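Enquirer: Below is a structure I'd like to ask you about.
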Amino acid sequence: MTTWYHSWRAAIRIARRDAWRSKGRSFLVLAMIALPILGVSAADLTLRSAELSTEQRLERELGAADARLSDPGMGGVPVHQTPDGQSYTPVGNFDDKPYPEGSTDVAKTLPAGSRSLTDSTGQARLRTTHGLLQTEIRELKASDPIAQGILALKNGRFPQKSDEVAATTHFLESSGLKVGSTVTARGFDGAYKIVGSYELPDSLKTDQVNALPGALIAPLDKALKADGLPGVDPSTTYLAAVSGGFTWNMVKDINAKGVTVSSRAVALNPPADSDVPLYQEEGWGSFEDSTAAKAAALAAVATVVGLAMLEICLLAGPAFAVGARRSRRQLGLVGANGGDRRHIRAIVLAGGLVIGVAAAVVGTILGIVLTFALRPLLEDYMGQRFGSFDVRPLELLGIALLAVLTGLLAAIVPAVTSSRQTVLASLTGRRGIRRSSRVLPVIGLIAVLLGAGIALYGSTMTEQFAIVAGGSAIAELGIVALTPALVGLFGRAGRILPLSPRLALRDAVRNRGRTAPAVAAVLAAVAGTVAVATYAASRDAQGEADYRASLPHGAVSVMVEEAGGRDAPSVRGTVQKLLPVDVRADVDRITVGKTSCAIYDPSEGCGRYEVVVPKANECPLWAVDPANPDADPAEKFTKAERRKLAEDWRCQESQVGSITDGGVVIGDAKLLTVLGIEDPAAAKALADGQVLSFDKRNVDGSGKIGIRVVTDTEAADRAAEEGKETPGEVKRLAAHQVAGSPNSYGVEMIMPAATAKASGFTTVPIGSYFSTSKMPTSEQRQKLDGELDKVGSSVDLHIEEGYTSENNIILLALTVFAGLVTIGAAGIATGLAQADAEADLKTLAAVGAPPRVRRTLSGFQCGVVAAMGVVLGSAAGVLPAIGLRLTEQRQEMSWYQRAMDEGWGGMGEAPYVPIIVPWATLAALLVAVPLGAALLAALVTRSRGALARREAT
């Protein structure tokens, strides 16, 4: 025991001294190991600090109150809830009766002797220095002790008068206002002074203003509705405090009155699952992740960590080999003075231990310091304040031990290699001859075949991504094990190369011990990059094929739905003024009831209309049997009949949504021009007052369409549930069916304004379509957005730019990452090659070789390693991506076939799942990266070395 201790103590001292002497190499390895440790430790600190304890969460949610009572909208029907109050369901079976809905009076359910505060929220558009800003209005007496902790005051004070408000710091930043400014709301003349700023600890990016109860929401709601605008539609909860708190029994008693409760006492001491009525109902439970899901997640994390450690070991291993090679005389002296192989191994392993411990200490300390220093930025990025700076020593120790383990693993191969050197070879500088292992390539080949088989099975026989990913990982590890043998195959190309690259390639092949790890590191990084790039490029191609344009390229649409399109004329003028408009087509919509009703508006006094499809044109798969309205209409057909009907023209649906509830727009022939439809007959039909139809299902045999006006929406909904005809007056109008199948971009019918007026339809403006002479620029779009922000109503602006990929920056980042790893690994291998070839370089210089040979040879040595790794990695990376895409193809085809068998209809063409190779990324990796690595190595290598006497061999 004493001998072991002293030998390792000496080994660590020697390793520490060598690390200090070779500061550059030591710093490189330390940085490679410490950077991941820094990132993981910082992530652990951030996540743990962001996790709130139960007490902290309750303070932010309840303040100092004992509970928050809410109306679940069940009309007072008894409910069952989870202990946290987040999930609930009405008590009873509602399969054969209407599902409960409606409000209830929460105040009546408060226990006797309790004290309460109302907390109301709603949405409104407030005027700012830039225009209008959608803002949450909150009415809570924040200065009351019960509310303490919900809002964190930052400056000034909370409102104390009815004409005062406080605002979140994010609102002040977004609006350009400050404490002391006056703020007003759209549609309301009342002005409110901002007397303080605060933040919501759980939602730092929320735009919110706080007022006293009844000071802002009620008068604003009244003014908006009087002006024909949508109201605030507030929701109100109650913060309550009672002696002894709200126990679980009290919560269940309040649930019986149709109100849900979030209780502090229940959260701190939750009941057993057997005491929660909701969990006893069929289909409910604690919904925890299954053991298999947890095991899969753990396996995924272990795989990622393992692959990351493998990559670091492959990169750091050659660096330790460089140190061992340069210290071989010192190691030989150890052997000459009685040291055996285990002492040599201990010295080299101690180098990994010293670097690993240093990396663990540096990475952990930097992780703690950076997380603490960047805490405000991290909180802003996450949008919430930390509960506390939570340092968990055991977790950080575990992360640090990964660094130590990585350092030791990276030094294992150099340690074994060094210990096999004879004392004479170490002292004289001879390298010795050692054949490559024949076992490792066999293991690698078996792993490749096994992994490829698993991936092939997963992509062709199952729909499980995990099987494909697991097989691909095994195959890639097999390729890493095969790397020495593959490097040997590359050596056969040396006979056709010029002198310098031939020398570099043969040197790499003869010294596979230092070449293979670097090539494997490049292979792993490039394989991952190519796999992700291939998958992303394939998804891009699929997204582009599936993309359905809303308008012709370069066209613009602007829609204003609120307040009966009152602001539509000014919006139309703004767009025409700021964009290069060629043709402008104004459109209106049909409204039933009040002109202020929005599309699909369920408010009182608002109706709807619907296009009546003739019985002969109804899709049989969707036609409901009035005698059995609950039955699936498709069940009466065989699978073959469903497939045939799914391709019937009556069962096809548009892939682009309509801008109106019934698909009818009021317009003229200019709309055809903007939509790119050149049809003189259609333009003449509009001029003659006919309704233009793009869907032949809507036109009956007499050439007319029917539009049903529904004034009683509740009766219409009941009729639909019962399979009966919808009540309402049907107006029939002459129609013209457009020939062929032109793309109408969601417009199903165009009705002339004169026809709508003559038929008794009420119309209101909704917006315009514009064709442009050229694509609007970014500057024009930004200026237009700024002007539209000043409009009172919500504006839906769309400029058709076609499909845009979001993966370009990802592909660029992956290419840069792979390039950096490649250059780093190739550089390490080149440094080791130079250490090995120093005697040969001295001989070349002595016999008259020009100085550039040294620089050229170094560049080609680096380029050869990079090229071999990139070529192997590119080939290895494409296969997993292909496997994943084939699996996705099976999934989508399975869903498509099921949809056809079930007779869902309207499915269109079979799914398109292409496999696209990103040639630009591959070209950058295969050409630019090796070339860049070679040039960089050549530039940093000195042309002249110190001429010295060559040692006798």
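If you read the sequence shown in the working numbering, its first letter stands for residue -9, the second for the next number, and so on.
All C-beta atoms in this analysis are idealised placements derived from N, C-alpha and C, irrespective of residue type, glycine included.
Being a predicted model, the structure only gives us computed values, none of them experimental.
1) State the DSSP-derived secondary structure class of Glu594, mapped to helix, strand or coil.
2) Going by DSSP, what residues sit across from Gln948 in a beta bridge?
3) Return helix, strand or coil for Ser768, following the three-state DSSP convention.
4) Is the CB-CB distance between Gly544 and Thr767 below 7 Å?
5) Output needed for Asp572: all residues of its chain with C-beta closer than 7 Å, excluding positions within five of it in sequence on either side, in chain order.
6) Between Val855, Val30, Ala671 and Val664, which has its C-alpha nearest Pro491's C-alpha?
7) What residue from Glu878, Glu552 and Thr99 has the CA that sits closest to Asp786's CA?
8) Kindly indicate which residue of Ala483, Gly441, Pro474 and Ala349 has the alpha-carbon position closest to the one of Glu466.
9) When the Cα atoms are used, what is the spatial distance from Ala724 to Val655?
10) In angstroms with no decimal places, state the Cα-to-Cα distance between Ile244 and Thr99.
11) Using 8 Å as the Cβ pair cut-off and three pairs as the minimum, do the segment 161 to 178 and the segment 89 to 96 touch?
12) Assign Pro592 to buried or exposed, taking buried as 16 or more other Cβ atoms, counted over all protein chains shown, within 10 Å of its Cβ.
13) In the DSSP assignment, find the alpha helix (DSSP H) that holds Glu631 and state where it starts and stops.
14) Measuring only the C-alpha atoms, how far is Lys567 from Leu862?
15) Whole angstroms is fine: what's the gap from Ala475's alpha carbon to Pro431's?
16) Could you compute how far the alpha carbon of Glu278 sits from the alpha carbon of Val344?
17) Of all the CB atoms in chain B, is at least one closer than 7 Å to the CB of Val602?
18) Taking Thr125 as the reference, which of Ala157, Thr833 and Leu399 has the closest Cα?
19) Is the separation between the beta-carbon of Pro135 and that of Ala54 shorter than 7 Å?
20) Please give me, in chain order, every unbroken run of the beta strand (DSSP E) with length at least 3 that falls completely inside the segment 122 to 196.
21) Over the uninterrupted alpha helix (DSSP H) stretch that includes Asn245, give me the two end residues.
22) Per DSSP, what kind of secondary structure is Ser648 in: helix, strand or coil?
23) Quick one: what's got a C-beta closer than 8 Å to Pro559's C-beta in the same chain, skipping five residues either side?
24) Please work out which residues of its chain come closer than 6 Å, Cβ to Cβ, to Ile872, disregarding the five sequence neighbours upstream and downstream, and give them in chain order.
25) Cutting at 7 Å between CB atoms, please list the residues of its own chain near Ala9, excluding the five before and the five after it.
26) What is the rounded straight-line gap between the Cα of Val458 and the Cα of Pro870?
27) Consult DSSP for Asp279 and reduce its assignment to one of helix, strand or coil.
28) From Met858 to Gly373, what distance separates their C-alpha atoms?
29) Using the Cβ count rule (16 or more neighbours within 10 Å means buried), how would you classify Glu625?
30) Going by the beta-carbon positions, is the gap between Ala523 and Thr911 smaller than 7 Å?
31) Note down the Cα distance separating Val699 from Glu600, rounded to an integer number of angstroms.
32) To the nearest angstrom, report how far apart Ala40 and Leu391 are at their CA atoms.
33) The beta strand (DSSP E) with Gln198 in it runs from where to where?
34) Would you call Glu129 buried or exposed, if buried means 16 or more other Cβ atoms sit within 10 Å of its Cβ?
35) Measuring only the C-alpha atoms, how far is Ile355 from Ala24?
36) Helix, strand or coil, according to DSSP, for His333 in the structure here?
Expert: Answer, in terms of the structure:
1) Per DSSP, reduced to three states, the secondary structure at Glu594 is coil, with no helix or strand assignment.
2) Within the shown structure, residues of the chain are numbered from -9 to 943, placing residue 948 beyond reach of any answer.
3) In the structure shown, Ser768 sits in a helix (DSSP, three-state: H, G or I).
4) Contact flag unset, no.
5) Residues Ser761, Thr762 and Ser763 of the same chain have their beta carbon placed closer than 7 Å to that of Asp572, with the five preceding and five following residues left out of the count.
6) If we check each option's Cα against that of Pro491, Val855 comes out closest.
7) Closest option to Asp786, Cα to Cα, is Glu552.
8) Between Glu466 and the set Ala483, Gly441, Pro474 and Ala349, the nearest pair of CA atoms involves Gly441.
9) Separation of Ala724 and Val655 (C-alpha to C-alpha, rounded to the nearest whole angstrom) is 16 Å.
10) As the crow flies, the alpha-carbon of Ile244 is around 6 Å from that of Thr99.
11) With the cut-off at 8 Å, the segment 161 to 178 and the segment 89 to 96 do not touch.
12) That one is exposed.
13) For Glu631, the uninterrupted alpha helix (DSSP H) segment begins and ends at Lys629 to Ala636.
14) Lys567 and Leu862 have their C-alpha atoms spaced approximately 57 Å apart.
15) Here the alpha carbons of Pro431 and Ala475 stand approximately 6 Å from one another.
16) Only weak support exists for where Glu278 lies, its pLDDT of 48 falling under 50; the coordinates are left without a value.
17) You won't find chain B in this structure, because it holds only one protein chain.
18) Per the Cα distances, Ala157.
19) The Cβ atoms of Pro135 and Ala54 lie closer than 7 Å to each other.
20) Runs found: 122 to 129, 142 to 146, 154 to 158, 172 to 174 and 181 to 189.
21) That run of the alpha helix (DSSP H) goes Trp238 to Asn245.
22) Residue state, collapsed to three classes: coil.
23) Hits under 8 Å: Pro755.
24) Excluding residues within five positions, the ones whose Cβ falls inside 6 Å are Ile905.
25) Within its own chain, the residues whose Cβ lies closer than 7 Å to the Cβ of Ala9, once the five positions on either side in sequence are excluded, are Ser16, Gly341, Val344 and Ile345, listed in chain order.
26) The straight-line gap from Cα to Cα measures roughly 7 Å.
27) Confidence in Asp279 is poor, its pLDDT being 47 and thus under 50, which makes the residue's placement too unreliable to answer from.
28) Between Met858 and Gly373, the alpha-carbon positions lie close to 46 Å from each other.
29) Glu625 comes out exposed.
30) Closer than 7 Å, so yes.
31) Spanning the alpha carbons of Val699 and Glu600 requires a straight line of approximately 7 Å.
32) Approximately 24 Å, taken between the alpha carbons.
33) Following the DSSP letters along the chain, one finds Gln198 inside the beta strand (DSSP E) bounded by residues Gln198 to Ala201.
34) By the 10 Å Cβ count, Glu129 comes out buried.
35) Each residue's Cα considered, the two are about 10 Å apart.
36) Reduced to three states, the DSSP call for His333 is helix.
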